[in-house]
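Chemist: Residue numbers (the working numbering), protein chains in the order written: chain D, 94 to 407; chain H, 672 to 1341; chain F, -18 to 206; chain U, 63 to 550.
Below is the structure I would like to discuss, written out as C-alpha cells.
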C-alpha cells in the first residue's frame, strides 16, 4: 500500500522538479555564454503566468487542438510515474516496460503532431512533418539500445533492469558503452535539444517542437511546455537508472530513500551541466544532417548488440 | 452446436447471395434482404466461431459432395473458429455499413444484384475455407473466394482502373491458387489422399517438406500480399466498394494467413527454423516497404491498402519468430510468437476495416479520394472523424489501443532470441525488431499525415467544404469497430488466454506465465522480464487527464476562451493552399529513403501556362516496374514470335506435318 | 530367298511396284497440268494391274472388286473429273514451273531411302513375297506429300493427294492382300466424295480468290504484316 | 440395341431428308426435333448400357462400352443444344443474307451428317470404320466451313480439307499397318480389324509394326485433334465457319479424334515393351498446350481465340492420357466432357456476341454486360469455367491432372503451371474488356436463347461440385480399360 503512496509522491515530485531541471540547464547555459540569465526557478514563474492567461484559439482549430495538451501532459506524467526515480520496486513500475514507455512518448508525439497540423498554418505542418521524421528515425536506434540492455539483463522492465545492475558487482560491458552513447544521442534528439532542435528559438526554419505548439496560448501552452520539461527529466532519469543506477533505493526505508533522492539530485545536476556544456559547444545542425546523426546512434546501438553477441555470450 | 451455427452462417450468406435475385423487382427489397441476411450470417458466424475458439471444440463432418472417392470433409477447431470469428465479425459490420453506402449505386445505372450476389458468395467462400478439411474442398472454397471477390473488384467496371485492377487481381489469384494446389499435391502424393487428416499423418523428408513449404509460402503469400507479390493489392482494394475493401483488406488477407498457418503448423507438422528465418525476413521486407510505399500514396484507400501489406509483414514477422522457436524446440516461445501473430490478425482486421469504412464514408460524403483535396472534415463529419482517429491510433501501434498489444508481444518474442544457441539468429532477431520499430514509427508518421491532411486544417476543395456526416448505419458500424479496438487494447490478458487455445492445439504448448498475474497484468514470459498493465495505462492516462482538467476547471469561469484568426505573420489572412500538403509532409522521408521508390519529379518554373509554377511528383513501385512489366512485355514478344507458325501458307503447314511425321518415324526406327 | 527364286508373277508385281514409284517421281517433276493428270491416271492403272496380279497370285478374289473400284475411280473417274475441271476452269495450258526440280528429285530419292530404312523391321517379319513393297508404298505416300508441298497449283495438290491415296491403297493391297470389304467400300466412297468436293472447291476458290494458286490463300494468319 | 440403331439411323435419315427436300421455314425446328430424338435414343442407349452391361451388336460392327457410351451421350447432348442455338442463329444469318436457302439446305443436311459420322466413329467396333467415319466427318464439315463463300471462309475450308485429308491419309496407313500386324494372327478373317478382338490378342501383335502404326495414327488423328504443329487448320476452320459449326467442331470432333488415338493407345501400348506412345502423347500435349497458351495473347478474332483455347485443352487432355495412371486418365476422361460442354456453351455465347457487335473483332466487341447482361454474364462465367476456376468441372479435372503429374513426374509440373497461368492471362486480357466497360454506340441486343448455355454451364457446375455415381462408374471403368487400374 505504501508502495502506491510512494508512487504518487514520486510522481508529484517529478512534476515539481521538472521545471527546475530545465531552468537549471538554461541558467548554466547563460552563465557559459556569459549572459545575465534568468534564475533557475524562472520556469515556475512562466508556467504560473501561462496558467493565469486566457486562451486564444484559432478559428480553424478543432477539438483535437484543445484535447491534445491534456493527452500529451497526461501521457508524459504516466510515463514519469513508471520510471524509477529514487526507488525501485514501486508497483507502478509493472504497468509498463521500456517498450511501453516508448509507446507512451509516441502517443504524446502523435497528438502533438496532430495539434500542429490542426490550425492549418504552414509552420505547424512543417513542425509535425519534421517531428515525425526525426522520431521515426530515432525509434529504431532507441529500441536497438534497449534491446542490447535487455539481452544482458534479460528483462525490459526498468525496475528489474536497474535491480539486476545493482546486484551485479561493477562490470564493464562493451555493449553497455556503445548503447549508452547511442541512447544518449537518441535522448538528445527525442527531447529536442541542440543539435537537433533548439528549444530557445522561434526561427521558423530551425524550430521543430516550437513550430508545432506555435498556435498554443495560456494553459494549453503551459501544459505543453510542462510536458516537454517532464520529458527531459524522464529521459535524464532513464539514463541515470540504466547507466548510473548507484544510490537508488531498493527498499522503502527512509534512509535509502533519502540517499536515492540525493543521488538522483546529483545525477540530474551533473546531467544538466553536461547538457548545457554540450549545447553551448555545438551548433544546431541542418535538418537533413539529422539522418546521419541518428544513423550514427543506430550504428552505435547495433555495435553494442553485436559486441554483446560476439564478445559477451559464451 | 458450434458447427451448426457456422452452417447457419454459411446458409444465410448463401441466401444473401441468391435470394435478392427473387426480389430483383425492387432494388430496395433486394438490398434489404441481402444485407439483413449477411448480418445474420455474420452474427451466427461470430457465435459459432467464438464458441469454437473458447470451447476448444474439435468437430468433423462430411458432406456427400465433391469427388466420388473423396467427399467434402469439414472440420472446426479453435484455429478455424478464430478466423471464422474475424470473417463473420467484419461481414456483420459490412452488413450494418452497407445499406446506406450502396444507396449511391441504386440511382446510378449500376445494377445492385451483382454486388449482393458476389458479396454473399465471397463470404460463403471465406467461411468454407475455414471449414474445409481436404485439399479439394479447400481449393474450391478458396477459388470461390477469389473469383467472387474478383467480380466485386470489377463491380464498377466502367472505370478502366477497376478493370485493370480486377484483371491483375484475378491473374495473381489464379497463379497463387496453382501454387497452393501444388503444395497440397506434394503432400497428397506422399499421403496418397487429399484429406488433411492423412496429410498430417505422413512424415516428409526435409527436402520435400521444404518444397511444400515454399509452394505454400508463395501461394498464400500471393493472396496475403507479401512483397514482392503484393502488386495486385494496392490496385484491387481501393477500387472495390468500401465495405468490400474492408472485407478484402480486413479479412481476406487473414484467410490467406489462416491457410498458411494451417498448412505449415498443422499439415507439415515439424517445422525447420530455416523456414522461420525466411518468413521473418519476408515479413521485415514487407513491413518496411509496405509502410514506405504507403507514405507516398495520396489516394486514401490506396494508402490503406499499402498499410495492409505492412501489417501482413508484421504478422509474418510474428509467425517467423514463432517458427524459428518451434524449429529450435522452444514451444512456449513459439506459442508466444504465434499468439502475437494471431492477435495482430485480429487487430488488423478491426482497425483496417474501421479505416476503410471511414474512408468509404469520406468518399461517399465528399466524393474525394485524393488526400490533397481533403481537409477540415473533422468539423463536418465529427463521428467519422472520431472513429477514424481511433483507427489511426490503433494502426500506429500506440497504447492503450489494440495495435500496440500485438506489436508489443512481437517485440517480447523477439527479445527472447537470446536463448537461441545459434548466435547468428541471436544477432539477426534484434535487427528485425529494429525494423519493426521503424515500421511502427513510420506508420505513426503516415497516419499523422492522413489524419492531419484529411480531417484537420482547412478544406482544400469545395466538395470537402460541403461534406456532411454519414448516415446512421455507417456511423454505428464505425463506432462498434472503434469500441472493439479499444476493448482488445485494454483487455489483452483475456484475449491472449483465449487465443492460447489455438497454440495449445497446434504446437502444442501454451504460455502458462502470460496470464498468471490476473486479468490486470500481461506478462508474456514472467513478471520481472516484461509486463504490461493495459487497463492501468488506460486508467492512468484517463485519470491524469481528469486530474489536470479538474485542477484547471475552477479557473475556467474567470478565463473564457477567445476565438481569433490564426496568426498569419502579418501577411494577410491564411488560406487552404498555405497548409502543408500530404506531399510536403512526407518530403523529408522521401528524401531520406529516396532509393526505395521510383520517383519522377518535375518542377515547372512560373510561366504563362502555369502561373505560380507547377510541381509534379510521380512515385512508382519498383516491384511493378522491374518485375511485372518486363514479364508482361516478354510474354507479348514471345506471343508475337510464336505467331509466326501460323503464317498463312498452306504449303508451310504441310511441311510441318511432313517433318513431324518424318521425325517421329526416325525416332521410332532408332 | 533371293529375287531369282520368286515366281514370275511375283517378279511382275515387284516390277509394277517399281513402276508405280517411277510414276510418283514423274508426278513430282511434271509441270504441265494435263500431262500431270495423265501421269496420275497411268499410276492408277498400274495400281489396278498390280491389284489384279495379286488377286490372281494369292487367290483372294475379293481383291478383284477393289481392283475394279481402282479402275473406276483412279483411272477413269478422278482423271476425267480433273480434266473436265481443267477444261471448265480453262487452265489446261497452265505450266507450273516447279522450283528447283533437281533438288526435289534428290529429296525424293532420299525419301525413298528413308522409307526403306523405316520399313526394314517390317520387312523382316513378313513372309509374303511382296513384303518389300511396303517400303515402296510408304515412299509413294511420302512423295505424294512432297508433291503437295512443292506445288502451288491447287490441281497439282489434289493430284498429289490422290497419289497419296494410291500409295495407301497399294500398301493395303500388297502388304495385307486388301482390307476387309466394308472398309474398302468406305475408303472408296470417301475418295469419291473427296474428289467431288475438290471439284466444288476449285470453283469456289476461282470465284472467291480468282486464282488457283494456293499461295494466294494467305488471308488467315496470325502474323502482323 | 434398338436404341443404338435408332441413334445412328435417325441422323442418317435426317441427313437424307434435309438433302432431298430443300430448305423451308421450319427446317431449323425439324433439325432441333431430330437432334432431340437422337438425344432421347442415346439416353435410352445409356440407360440400357447402365442396366444390362456393355453391348456388342451381332456382326460385331458396333461395340458400346464405358469409354464411348458417355461420349455418345455428350455428343447427342451437345448436338441438341447446338441445334437449339442454331435455329435462331441461322435464321438471323438467312435474314441478313449471309446464306441463302440452298446453303441452308446443305447446312442442315451436313449438320446431321456430321452428327452421324461422330456417332458412328464413337460406337463402331471396326477400326477401319472408325477411320471412314472420321474422314466422313471431315467431308461433311468441309463445305460448312466455307458456307459463307467469303474468300476467308473458302481459304479456311481448303486448308481444313487439305491438311485434314493428308492427316487422315496417314491415319489410314497406320490402320493398314495395324491390320498388317493383326493379319498374321488370324489371316484373312473379316474380324481382323475389330477392336474388341484385337484388344484380347494385343500381346501377340507385332510391336515394331504397331510402333510404326502408332506414329502414323498419332500424326493422322492428331491433325484432327489439333495438336501443335499439326493444328494450323483449326483456328481458320473455327473462325470462318458458322458459329454452331464451331461449337460442334470444338465440342465433338476434337473429342472423337482424341478418342480414336486413345483407343489405339489402349491397343498398342500393352503390346510394346516401351512407353514411347505415352511419351509422344505427352510431348505433343505439352507442346500444343504451351504454344496455344502463348498464342492466346496474340488474338484479334474472338472465335480464333477460343479455338486456340480448344487446342490448349486438347493438348492438356493428350498430355493427361500420356501421363497415364488412373488419376490422370480419370481426369482426362472427365475433362473431355466438361471441355466440350463448356467450350460449346462459350461458342454459343460468342455467336450471340458477334451478332450483338456485328463483328468478330475482339477490339470492337465491348461492354457486353451493359448491352445484353444475359450474354455478357454467361460469356464471362463460361470463360471463368474454361479457365479452370472452381466450382466448375474443368477445375476438378485439372486438379486431378495436376496431382497425378506431381505423383508421376513432378518436374513437368512447373511448365504445366506456367502454361496454365499464361493461357489464363491470354484468355482474360481479351475477354474482360469485351464483357466489361461501356458499350460502344449502335451495339444492340439480339434475340438469344439462353437455355442451352445455362444448361451446359449448370452441368459443368454440377460436375464440379459432385460427379454423379453413374458417370463416376463409367469413367472409372473406362479408366480401368485404359490403364488397367481404377480409382473407386
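All C-beta atoms, glycine included, are put in the ideal place defined by N, C-alpha and C.
Select from 861(H), 983(H) and 961(H) the residue whose C-alpha is nearest the C-alpha of residue 939(H).
Modeler: Working through the second chain from its first residue, we reach residue 939(H) at position 268. Of the candidates 861(H), 983(H) and 961(H), the one whose C-alpha sits nearest the C-alpha of residue 939(H) is 861(H).
Chemist: Please confirm whether residue 75(F) has its beta-carbon closer than 7 Å to some beta-carbon of chain U.
Modeler: For the purposes of this step, residue 75(F) is taken as the residue at position 94 of the third chain. Cβ-Cβ to chain U under 7 Å: no for residue 75(F).
Chemist: Could you tell me whether the segment 482 to 495 of chain U touches the segment 404 to 414 of chain U, where touching means 3 or more Cβ pairs closer than 8 Å?
Modeler: Cβ pair count under 8 Å is below three, so no.
Chemist: Just to confirm the assignment, what range does the alpha helix (DSSP H) spanning residue 1145(H) have?
Modeler: Walking along the second chain from the start, residue 1145(H) turns up at place 474. Start and end: 1143 to 1161.
Chemist: Kindly indicate the opening and closing residues of the alpha helix (DSSP H) around residue 875(H).
Modeler: Along the second chain, one-based indexing puts residue 875(H) at 204. No alpha helix (DSSP H) contains residue 875(H), which DSSP labels as neither H nor E.
Chemist: Rounded to a whole number of angstroms, what is the C-alpha to C-alpha distance between residue 366(U) and residue 761(H)?
Modeler: Locating residue 366(U) in the fourth chain gives position 304, counting from the first residue. Locating residue 761(H) in the second chain gives position 90, counting from the first residue. Answer to the nearest angstrom: the Cα atoms are 45 Å apart.
Chemist: Run through DSSP, which three-state label would residue 298(U) get?
Modeler: For the purposes of this step, residue 298(U) is taken as residue 236 along the fourth chain, with counting starting at 1. Here residue 298(U) sits in helix by DSSP.
Chemist: Of all the options 1207(H), 1040(H), 1096(H) and 1055(H), which has the alpha carbon lying nearest to the alpha carbon of residue 1134(H)?
Modeler: Counted from its first residue, the second chain places residue 1134(H) at position 463. The candidate whose alpha carbon is nearest that of residue 1134(H) is 1040(H).
Chemist: Just mark residue 117(D) as buried or exposed, buried being the case when its beta carbon has 16 or more other beta carbons within 10 Å.
Modeler: The residue labelled residue 117(D) in the question sits at position 24 within the first chain. When all chains shown are included, residue 117(D) counts as buried.
Chemist: Do you know offhand how far residue 169(U)'s Cα is from residue 177(U)'s?
Modeler: As a position in the fourth chain, residue 169(U) is number 107, starting the count at 1. As a position in the fourth chain, residue 177(U) is number 115, starting the count at 1. Going from the Cα of residue 169(U) to the Cα of residue 177(U) covers about 12 Å.
Chemist: How about residue 263(D) and residue 338(D): do their beta carbons lie closer than 7 Å?
Modeler: Here residue 263(D) refers to the residue found at position 170 of the first chain. Here residue 338(D) refers to the residue found at position 245 of the first chain. No, they are not a contact pair.
Chemist: Which residues bound the alpha helix (DSSP H) around residue 1290(H)?
Modeler: Taking the first residue of the second chain as 1, we reach residue 1290(H) at position 619. Note, residue 1290(H): premise wrong, no alpha helix (DSSP H); beta strand (DSSP E) at 1285 to 1291.
Chemist: If we define contact as Cβ-Cβ less than 7 Å, is residue 138(D) a contact residue for chain H?
Modeler: Numbered from 1 along the first chain, position 45 holds the residue referred to as residue 138(D). Output row for residue 138(D): interface = no.
Chemist: With 16 as the cutoff for other CB atoms within 10 Å, does residue 1271(H) come out buried or exposed?
Modeler: In the second chain, the residue the question calls residue 1271(H) occupies position 600. With fewer than 16 Cβ atoms within 10 Å of its Cβ, residue 1271(H) is classed as exposed.
Chemist: Name the one or two DSSP bridge partners that residue 149(D) has.
Modeler: Translated into the one-based positions of the first chain, residue 149(D) becomes position 56. Answer by DSSP bridge pairing, in chain order: 1233(H).
Chemist: Would you say residue 422(U) lies against chain H (beta-carbon separation less than 7 Å)?
Modeler: Looking up residue 422(U) in the fourth chain gives position 360. No, no contact with chain H.
Chemist: Below 8 Å on the Cβ atoms is my contact criterion, and I expect residue 353(D) with residue 179(D) to pass it. Report the Cβ-Cβ distance as a whole number of Å.
Modeler: For this step, residue 353(D) is matched to residue 260 along the first chain. For this step, residue 179(D) is matched to residue 86 along the first chain. Between residue 179(D) and residue 353(D) the Cβ distance is about 3 Å, and since that is below 8 Å, they are a contact.
Chemist: For the alpha helix (DSSP H) holding residue 110(D), just list the boundary residues, first then last.
Modeler: By 1-based counting over the first chain, the position of residue 110(D) is 17. Run containing residue 110(D): 95 to 125, per the alpha helix (DSSP H) assignment.
Chemist: Comparing C-alpha positions only, which one of 300(U), 319(U), 83(U) and 171(U) sits nearest to residue 184(U)?
Modeler: As a first step, residue 184(U) is located in the fourth chain; it is residue number 122 there, counting from the start. The shortest C-alpha separation from residue 184(U) is found at 319(U).
Chemist: Using a 10 Å radius around the Cβ and a threshold of 16 neighbouring Cβ atoms, would you call residue 346(D) buried or exposed?
Modeler: As a first step, residue 346(D) must be located in the first chain, where it is residue number 253. When all chains shown are included, residue 346(D) counts as exposed.
Chemist: Would a check of beta-carbon distances place residue 916(H) closer than 7 Å to chain U?
Modeler: Counting from one through the second chain, the residue named residue 916(H) turns up at place 245. Not one chain U Cβ lies under 7 Å of residue 916(H).
Chemist: Just the Cα atoms here: how many angstroms apart are residue 440(U) and residue 924(H)?
Modeler: Here residue 440(U) refers to the residue found at position 378 when the fourth chain is read from its first residue. Here residue 924(H) refers to the residue found at position 253 when the second chain is read from its first residue. Roughly 29 Å between the two C-alpha positions.
Chemist: Determine whether the beta carbon atoms of residue 767(H) and residue 1243(H) lie at a separation below 7 Å.
Modeler: Along the second chain, read from residue 1 onward, the residue named residue 767(H) stands at position 96. Along the second chain, read from residue 1 onward, the residue named residue 1243(H) stands at position 572. Cβ distance not < 7 Å, so residue 767(H) and residue 1243(H) don't count as in contact.
Chemist: Go through its chain and collect everything with a Cβ distance to residue 954(H)'s Cβ below 6 Å, but skip five positions before and after it.
Modeler: Locating residue 954(H) in the second chain gives position 283, where the first residue counts as 1. Excluding positions up to five away in sequence, the list reads 984, 987, 988 and 991.
Chemist: Can you name, in chain order, every residue of its own chain whose Cβ lies under 7 Å from the Cβ of residue 205(F), other than the five neighbours on each side?
Modeler: To locate residue 205(F), count along the third chain from 1; it is residue 224. Nothing meets the Cβ criterion.
Chemist: In the DSSP assignment, the alpha helix (DSSP H) including residue 287(D) goes from what residue to what residue?
Modeler: Here residue 287(D) refers to the residue found at position 194 when the first chain is read from its first residue. Taken as a continuous stretch (DSSP letters only), residue 287(D) belongs to no alpha helix (DSSP H), as it is neither H nor E.
Chemist: Using a Cβ cut-off of 7 Å, pull out every chain B residue sitting near residue 203(F), in sequence order please.
Modeler: Within the model displayed, chain B is absent; protein chains D, H, F and U are what it includes.
Chemist: Tell me whether the beta-carbon of residue 809(H) lies closer than 7 Å to the beta-carbon of residue 741(H).
Modeler: As a position in the second chain, residue 809(H) is number 138, starting the count at 1. As a position in the second chain, residue 741(H) is number 70, starting the count at 1. Their beta carbons are not under 7 Å apart, which means residue 809(H) does not touch residue 741(H) by this criterion.
Chemist: I believe residue 1024(H) touches residue 921(H) by the beta-carbon criterion, under 8 Å. Please report the beta-carbon distance rounded to the nearest angstrom.
Modeler: Locating residue 1024(H) in the second chain gives position 353, counting from the first residue. Locating residue 921(H) in the second chain gives position 250, counting from the first residue. About 4 Å; that satisfies the 8 Å criterion.
Chemist: Quick one: does residue 409(D) have its CB under 7 Å from some CB of chain H?
Modeler: Because chain D here runs from 94 to 407, residue 409(D) falls outside it and cannot be looked at.
Chemist: What did DSSP end up calling residue 249(U) once you bin it into helix, strand or coil?
Modeler: By 1-based counting over the fourth chain, the position of residue 249(U) is 187. Coil.
Chemist: By alpha-carbon positions, which one of 515(U), 525(U), 522(U) and 540(U) ends up nearest to residue 148(U)?
Modeler: As a position in the fourth chain, residue 148(U) is number 86, starting the count at 1. Among 515(U), 525(U), 522(U) and 540(U), the Cα nearest to that of residue 148(U) is on 515(U).
Chemist: Please check the pair residue 243(U) and residue 271(U), which I expect to be a contact at CB under 8 Å, by giving their CB distance rounded to whole angstroms.
Modeler: Along the fourth chain, read from residue 1 onward, the residue named residue 243(U) stands at position 181. Along the fourth chain, read from residue 1 onward, the residue named residue 271(U) stands at position 209. Between residue 271(U) and residue 243(U) the Cβ distance is about 4 Å, and since that is below 8 Å, they are a contact.
Chemist: Please decide whether residue 1216(H) counts as near chain D, where near means a Cβ-Cβ distance under 7 Å.
Modeler: The sequence position of residue 1216(H) within the second chain is 545, counting from 1. Chain D contact via Cβ: present.
Chemist: Show which residues of chain U have a CB atom less than 8 Å away from the CB atom of residue 200(F).
Modeler: The sequence position of residue 200(F) within the third chain is 219, counting from 1. Ordered by position in chain U, the residues that pass the 8 Å Cβ test against residue 200(F) are 213, 214 and 217.
Chemist: What ranges does the alpha helix (DSSP H) occupy inside the segment 1174 to 1239 of chain H, keeping only unbroken runs of at least 4 residues that lie completely in it?
Modeler: Entirely contained in the segment 1174 to 1239 of chain H, the alpha helix (DSSP H) runs reaching 4 residues are, in chain order, 1205 to 1227.
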